[in-house]
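Heads up, the sequence shown is in the UniProt record's numbering, so the first residue is 1 and it goes up one at a time.
Backbone N, C-alpha and C fix where the C-beta goes; we use that ideal spot for every residue, glycine too.
Here the structure is a predicted model, which is why all the values come from computation and not from measurement.
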Amino acid sequence: MALPIFTAAVVLLVMSLLWHAVEEYRGRAVAARRRVVVSLVDDQAITGILWRRHRRLVVMRSASLVQPGREAVAMDGDVVIERDRINWVQIVGAG
Numbered sequence: 001m002a003l004p005i006f007t008a009a010v011v012l013l014v015m016s017l018l019w020h021a022v023e024e025y026r027g028r029a030v031a032a033r034r035r036v037v038v039s040l041v042d043d044q045a046i047t048g049i050l051w052r053r054h055r056r057l058v059v060m061r062s063a064s065l066v067q068p069g070r071e072a073v074a075m076d077g078d079v080v081i082e083r084d085r086i087n088w089v090q091i092v093g094a095g
């Protein structure tokens, strides 16, 4: 009785590790390490390097906050944005 339960647990563990690896790869492959503009739901935008995507978060580096009618403001460090706050993402200079 213990062997089938152990086998099922190992199979589930391996499947979850594979799923996690695929999700991490997909998150890094799409626009990662490229300059992007991220439009937020509150009519602000952030420009910078899309460093990493997580399930619910986007991490940017060398970012600047852009607000209507104002100069862009450089942001220090990594900027972490919840995906719920994002309207759209544009890759800048893609050709």
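Around the Cβ of L50, a 10 Å sphere holds 16 or more other Cβ atoms; the residue is buried. The straight-line gap separating the alpha-carbon atoms of I86 and V22 is approximately 23 Å. Taking the C-beta atoms as reference points, V37 is found nearer than 9 Å to I46.
Fewer than three beta-carbon pairs drawn from the region 3–20 and the region 52–71 are found closer than 8 Å, and the two stretches are therefore not classed as touching.
Distance from the Cα of V89 is smallest, within the candidate group A9, R34, D78, P4, for R34. Y25 has its alpha-carbon roughly 23 Å from the corresponding atom of V10. Assigned with DSSP and collapsed to three states, R52 falls in strand.
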